[in-house]
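Residue numbers (this note's numbering): 134 to 272. In this text, a Cβ means the ideal position worked out from N, Cα and C, and glycines have one as well.
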């Protein structure tokens, strides 16, 4: 079953097909997904096991923390990841003081969005972050 899920993730390029599989429960987008899964959202491809991401065929240069943030976001895209959940995922019970997460989000946005016409990373003020292709989302 795990191999079938991985094959689906590797060979499905259409996000509509992936969403349909998620709705039918044949593929999981949770953290329990296969570690070798390849996730796609819009024009973004994310390979967790080989530790790379690309957008429109361009490899993204991500910091280790930026990679972990993108990993959390793409697994639930276009859903929301709450700021507190993201901080806990990154730093456990002892998150750093101040604006560390905001700094990492800024660095991720610079690599993921700035070179492209359509931004994917959106901030939902006072709540969290999401990947979305919708232009009406809060930044």
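Exposed unless 16 or more other CB atoms sit within 10 angstroms - verdict on residue i
| i | result |
| --- | --- |
| residue 214 | buried |
| residue 191 | exposed |
| residue 224 | exposed |
| residue 236 | exposed |
| residue 250 | exposed |
| residue 199 | buried |
| residue 259 | exposed |
Residues near residue i in its chain [Cβ-Cβ closer than 8 Å; skip 5 each side]
| i | result |
| --- | --- |
| residue 177 | 186, 187, 188, 207, 245, 253 and 264 |
| residue 201 | 222 and 223 |
Where residue i sits in the DSSP three-state scheme
| i | result |
| --- | --- |
| residue 194 | coil |
| residue 170 | coil |
| residue 260 | coil |
| residue 200 | helix |
| residue 246 | coil |
| residue 227 | coil |
Per DSSP, cross-strand counterpart(s) of residue i
| i | result |
| --- | --- |
| residue 185 | 180 |
| residue 255 | 263 |
| residue 213 | 263 |
Residues of its chain near residue i, where Cβ-Cβ distance is below 7 Å and the 5 sequence neighbours each way are ignored
| i | result |
| --- | --- |
| residue 220 | 228 and 234 |
Exercise. Does the segment 238-246 come within contact of the segment 184-195, defined as at least 3 CB pairs closer than 8 Å?
Worked result: Yes, since at least three Cβ pairs between the segment 238-246 and the segment 184-195 fall closer than 8 Å, the two stretches touch.
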